Amino acid sequence: MWPQGRIPVKMKEAFWNSIAAYNSATWIWQIAMAVVAAVLPALLWFRPKEWVKTVTKLYMAAVSLWIAFVYYMKYGAVRDYSNVMTIFWCLVALSWIYDLATRFSSFRKSGKYSAIGLAILVLPLAYPFISVSRGLEFPQITTPMIPSGVALYMLGMLMTFNRKINFFAFLLVMHWSVIAISKIAIFKIPEDALLAAACIPSMVIFFLQMLKDAGQSSFKPSGKYVKTLIYAVAVLLAGCMAVA
Amino acid sequence: MTQEHMTEIANFLARYLSYMLGSGVHTSRVVRNSKRIGAALGVDVSIHTSQKTATLTVTDSECLFFKTRVVDIPAFPISFEWNADLSALSWAACDEKMSLEAIERKFAEITAKPRMNPVFVLFMVSLANASFCRLFGGDIWAMLITFTATMIGFFTRQHLTKRKVNHYIVFIVSAFVASICASSSLALGIDTAEIALATSVLYLVPGVPLINGLIDITDGHIQIGISRIVNAFMLIICIAIGMSVTLMLVKDSLL
Amino acid sequence: MIAVDIISDGLFAAVAAMGFGSISDPPMRAFPYIAILAAVGHAARYCLMTFLGVDIVSASLVAAFIIGTGSVWFGRKVFCPMTVLYIPALLPMVPGTYAYKTVFSLIMFFQEISSPTKGSEYLQEMIFNGAVSFSVLFMLAVGATVPVFLLRERANSMTRGSKFI
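Chains as they are written, first to last, in the numbering used here: chain A, 33 to 276; chain B, 2 to 256; chain C, 120 to 284.
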């Protein structure tokens, strides 16, 4: 291992260089995928057919694999430990394929929280603007097609169509946002604060929903305590973010 | 004492002891409690136990009749609440001279008590593993990563258990998932990433069968004690297998 | 500063014990006592190891004995058998890092099996870590069980007269 203190600088440089290489080589693909990503929620909103659901799940798996192999394996290879991230995003893809195979999540609106979901869906588009406003220039900017942007998109989709959600994917996104919180502190990438900020309220919403689905009466301790615990954890996470 | 009454007693005791053994109570306590209830109802009880079945014989005080039953031990999730309250039931039966009907009613009440809320357990276990990470010297980032990694791992375990997957496979898969998620902390370049990786699987450690096995052996129930310990070691090996898969994948980053 | 270290050690051990305990569905009334036992036990082990330089195995034995004795005392209060209180309280003392290193060096031994020097180094490391983790686990169980034999009468009538059934 290197001596302390030098690591962040070195890693930070490698990080921005790899992003630049990735953007300048794949910007057409990125735009194409972003367009598909924009069409899917519109289709699901107005025409919730079975095939749209399948396509959405396939797209989710595909985009995770894209992040795993194109972003991390090809362009991120100069960064240390990018193979770990490849494996992690394969796991995300796996969670969507598992969901497709078991036909679990329904991608239906439940009538609640759709506004929050749509707001989160728009957030990935803010990435380039934040980068530009920080004084960075193309190709050294963050785009919606970086891991955190994709994670935000997934979170937005789960939140908008939250009748029955793919909980594995949600937990993995949550894990990713926790990594993002640490990244803010270690690499100084303020763009990731978006993901972290979106994740904590959705964590509360999804777990309260899960609590309701589990049924209150047949369990101990009473729902009141569990709710308090969920809020306490959310506050703790938010506290960690504030520290970062 | 009539034959029918003895059959009823034998049936109840069979159920009582299979519930206790199935929910993770050490053998000598089960034997002691069953004998106590038997004595309260005026019969003598002898029990032989093994990992999957138990045999009991109920004899009346004059040794005129006896009833023998072999019962399968159902695989309940471990429940300390049953342990505590079913033990208390045996004392109540003995001290208050309860009738068989009253005992059976109480038994049904106790076994119908609510269980832990899975969401609550999910959060508690994740918090527990995060603080465990702190005990081993992890910093705040390692704790956060351990927290969510455990959450994913434990959710996987709950999900697979609900779908009645073989429990060895459940252990392997959830150990793998938890450790692979924890290994993503390596990318942050923090010093304590390895601690996060090491802690993330510890929520699976089968503490109850391990300690029960040891208690059984020291109490002289050596056969069932050894079976419990072997069972626990099998689960530990499964955890090790799940973690080794992760280690194989990321080992170059760990050196 | 030392006091803060000890208290935070106990605090985190208490959270860990309650969390691991909740998997095994204990009665709600047992939680505070599980937390106290775990905090006291783990803090005791921490003090022994840091300030008196006791090795991890003996320190675990002493801490487990404290937890076991405490569970005889508390068990009577909440009408719980000793195991209900002491098994969760022991779990924060599981030697996790040693167990992890055992598995890790085993894997590395397989990788370096053809190189005699490196392979045997890893094998040595595996035996070292494995011995520590096994002994600590064993001592935890033994230490907590000894009070049962010393106080057999009290330990066996723990749930007598329970108000909770």
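No residue lacks a Cβ here, since even glycine has one placed at the ideal position from N, Cα and C. Note that the structure is a prediction, hence the values are computed from the model and not measured.
- Message: Can you list, in chain order, the residues of its chain with a C-beta nearer than 6 Å to that of residue 37 of chain A? Leave out the 5 residues immediately preceding and following it.
- Response: For the purposes of this step, residue 37 of chain A is taken as residue 5 along the first sequence, with counting starting at 1. A caution first: residue 37 of chain A carries a pLDDT of 41, below 50, which makes its placement in the model too unreliable to give a value.
- Opposite residue 60 of chain B in the DSSP bridges: which residues? Counting from 1 along the second sequence, the entry for residue 60 of chain B is found at position 59. Looking at the DSSP assignment, residue 60 of chain B forms a beta bridge with B:45 and B:67.
- Message: So the candidates are B:164, B:149 and B:232; which of them puts its Cα closest to the Cα of residue 134 of chain A?
- Response: Taking the first sequence and counting its residues from 1, the one referred to as residue 134 of chain A is at position 102. The option with the nearest alpha carbon to residue 134 of chain A is B:164.
- Query: Which residues, in order along the region 129-147 of chain A, keep a beta-carbon less than 7 Å from a beta-carbon of chain B?
  - Reply: none
- Task: If I'm right that residue 200 of chain B touches residue 140 of chain B with Cβ under 8 Å, what's the distance once you round it to whole angstroms?
- Result: As a first step, residue 200 of chain B must be located in the second sequence, where it is residue number 199. As a first step, residue 140 of chain B must be located in the second sequence, where it is residue number 139. At roughly 12 Å, the Cβ-Cβ gap does not stay under 8 Å, so residue 200 of chain B and residue 140 of chain B are not in contact.
- Task: Look at the alpha carbon of residue 212 of chain B and the alpha carbon of residue 275 of chain C, and state the distance between them as a whole number of angstroms.
- Result: Here residue 212 of chain B corresponds to residue number 211 of the second sequence, with the count starting at 1. Here residue 275 of chain C corresponds to residue number 156 of the third sequence, with the count starting at 1. When rounded, the distance between both Cα atoms is 17 Å.
- Item | Neighbourhood of residue 173 of chain A by C-beta, 6 Å cutoff - its chain only, sequence neighbours within 5 removed | Taking the first residue of the first sequence as position 1, residue 173 of chain A is located at position 141. Only 160 and 163 meet the Cβ criterion.
- Can you list, in chain order, the residues of its chain whose CB lies under 7 Å from that of residue 33 of chain A, leaving out five sequence neighbours each side? Numbered from its first residue, the first sequence carries residue 33 of chain A at position 1. Any answer about residue 33 of chain A is weak, because its pLDDT of 34 lies below 50 and its placement is not dependable; what the coordinates show is given next. Answer for residue 33 of chain A: no residue qualifies.
- Residues of the region 74-94 of chain B with a CB closer than 9 Å to any CB of chain A: list them in chain order, please. 82
- List the endpoints of the continuous alpha helix (DSSP H) containing residue 150 of chain C. As a first step, residue 150 of chain C is located in the third sequence; it is residue number 31 there, counting from the start. Here the alpha helix (DSSP H) through residue 150 of chain C covers 150-170.
- Query: Taking Cβ to Cβ, would you say residue 214 of chain A is nearer than 8 Å to residue 145 of chain B?
  - Reply: Numbered from 1 along the first sequence, position 182 holds the residue referred to as residue 214 of chain A. Numbered from 1 along the second sequence, position 144 holds the residue referred to as residue 145 of chain B. Yes, these two residues count as a Cβ contact at 8 Å.
- Query: Going along chain C, which residues have a C-beta under 7 Å from residue 169 of chain B?
  - Reply: On the second sequence, residue 169 of chain B is found 168 positions in, with the first residue counted as 1. Here the premise fails: no neighbours, minimum Cβ distance about 17 Å.
- Query: Within this structure, are the beta carbons of residue 242 of chain C and residue 206 of chain B separated by less than 8 Å?
  - Reply: Numbered from its first residue, the third sequence carries residue 242 of chain C at position 123. Numbered from its first residue, the second sequence carries residue 206 of chain B at position 205. No. Outside cutoff.
- Task: Could you check how far apart the C-beta atoms of residue 48 of chain B and residue 26 of chain B are, in whole angstroms? I think they sit under 8 Å.
- Result: The sequence position of residue 48 of chain B within the second sequence is 47, counting from 1. The sequence position of residue 26 of chain B within the second sequence is 25, counting from 1. With a Cβ gap of about 13 Å, residue 48 of chain B and residue 26 of chain B do not count as contacting.
- Span of the alpha helix (DSSP H) holding residue 231 of chain A? Within the first sequence, the letter at position 199 stands for residue 231 of chain A. Where residue 231 of chain A is concerned, the enclosing alpha helix (DSSP H) stretches over 225-246.
- Message: Run through chain B and tell me which residues come within less than 8 Å of residue 117 of chain A, C-beta to C-beta.
- Response: By one-based count along the first sequence, residue 117 of chain A stands at place 85. Those are 185 and 188, listed as they occur along chain B.
- Task: Rank A:102, A:68, A:70 and A:96 by C-alpha distance to the C-alpha of residue 51 of chain A and give the top, closest one.
- Result: The sequence position of residue 51 of chain A within the first sequence is 19, counting from 1. Nearest option by C-alpha distance: A:102.
- Item | Outcome for residue 121 of chain C when other beta-carbon atoms lying within 10 angstroms are tallied against a minimum of 16 | Stepping through the third sequence from its first residue, residue 121 of chain C is reached at position 2. That one is exposed.
- What in chain C is Cβ-close to residue 265 of chain B, meaning under 9 Å? Nothing in the structure corresponds to residue 265 of chain B, since chain B is present only between 2 and 256.
- Provide the residue(s) that pair with residue 133 of chain A in DSSP beta bridges, ordered along the chain. As a position in the first sequence, residue 133 of chain A is number 101, starting the count at 1. Paired residues: none, contrary to the question.
- Item | Separation of residue 263 of chain A from residue 254 of chain A, as counted between CA atoms | Within the first sequence, numbered from 1, the residue matching residue 254 of chain A stands at position 222. Within the first sequence, numbered from 1, the residue matching residue 263 of chain A stands at position 231. Distance between the alpha carbons of residue 254 of chain A and residue 263 of chain A is about 15 Å.
- Message: Our contact map puts residue 1 of chain B next to residue 117 of chain A with C-beta atoms below 8 Å; I'd like the distance itself, whole angstroms only.
- Response: Summary: the structure shown does not reach residue 1 of chain B, with chain B confined to residues 2 through 256, and so no result is reported for it.
- Just how far apart, CA to CA, sit residue 35 of chain A and residue 143 of chain B? Residue 35 of chain A sits at position 3 when you count from the first residue of the first sequence. Residue 143 of chain B sits at position 142 when you count from the first residue of the second sequence. With a pLDDT of 39 at residue 35 of chain A, under the threshold of 50, the predicted position of this residue should be treated as unreliable, and no value is reported.
- Query: Taking just the CA atoms, how far does residue 56 of chain B sit from residue 75 of chain B?
  - Reply: Counting from 1 along the second sequence, the entry for residue 75 of chain B is found at position 74. Counting from 1 along the second sequence, the entry for residue 56 of chain B is found at position 55. Going by the C-alpha atoms only, they are around 14 Å apart.
- Determine, using beta carbons only, whether residue 151 of chain C comes closer than 8 Å to chain B. Within the third sequence, numbered from 1, the residue matching residue 151 of chain C stands at position 32. Chain B contact via Cβ: absent.
- Task: Could you run through the region 119-140 of chain B and flag, in chain order, every residue whose CB is less than 9 Å away from some CB of chain A?
- Result: 119, 120, 121, 123, 124, 125, 127 and 128
- Between the region 234-246 of chain B and chain C, which residues of the former have a C-beta closer than 7 Å to a C-beta of the latter? 241, 244 and 245
- Residues near residue 55 of chain A by beta carbon distance below 8 Å, same chain, minus five either side: As a position in the first sequence, residue 55 of chain A is number 23, starting the count at 1. Contacts found: 62, 170, 171, 172, 173 and 175.
- Task: Please decide whether residue 38 of chain A counts as near chain B, where near means a Cβ-Cβ distance under 8 Å.
- Result: By one-based count along the first sequence, residue 38 of chain A stands at place 6. Residue placement at residue 38 of chain A cannot be trusted, given a pLDDT of 43 that sits under 50; what the coordinates show is reported in the next sentence. No, residue 38 of chain A lies away from the interface with chain B (no Cβ there is under 8 Å from its Cβ).
- Query: Using the beta-carbon of each residue, which ones in chain C are nearer than 7 Å to residue 117 of chain B?
  - Reply: Taking the second sequence and counting its residues from 1, one reaches residue 117 of chain B at position 116. Correct list: 141 and 144.
- Task: For residue 206 of chain A, return the contacting residues in chain F, with the cut-off set at a CB-CB distance below 9 Å.
- Result: Of the protein chains in this structure, namely A, B and C, none is chain F.
- Message: Short of 8 Å in beta carbon distance, which residues of its chain neighbour residue 172 of chain C, apart from the five on each side in sequence? Order them along the chain.
- Response: Stepping through the third sequence from its first residue, residue 172 of chain C is reached at position 53. Nothing meets the Cβ criterion.
- Item | Neighbour list for residue 71 of chain A in chain B, Cβ cutoff strictly below 7 Å | Counted from its first residue, the first sequence places residue 71 of chain A at position 39. Ordered by position in chain B, no residue passes the 7 Å Cβ test against residue 71 of chain A, which lies about 30 Å from the chain.
- Message: For the region 162-181 of chain A, list every residue whose C-beta sits within 9 Å of some C-beta in chain B, in sequence order.
- Response: none
- Item | Contact check, residue 199 of chain C vs residue 85 of chain B, beta carbons under 8 Å | Taking the first residue of the third sequence as 1, we reach residue 199 of chain C at position 80. Taking the first residue of the second sequence as 1, we reach residue 85 of chain B at position 84. Contact: yes.
- Message: Please list, in chain order, the chain A residues whose beta carbon lies closer than 9 Å to that of residue 64 of chain B.
- Response: Locating residue 64 of chain B in the second sequence gives position 63, counting from the first residue. Simply none; closest approach about 45 Å.
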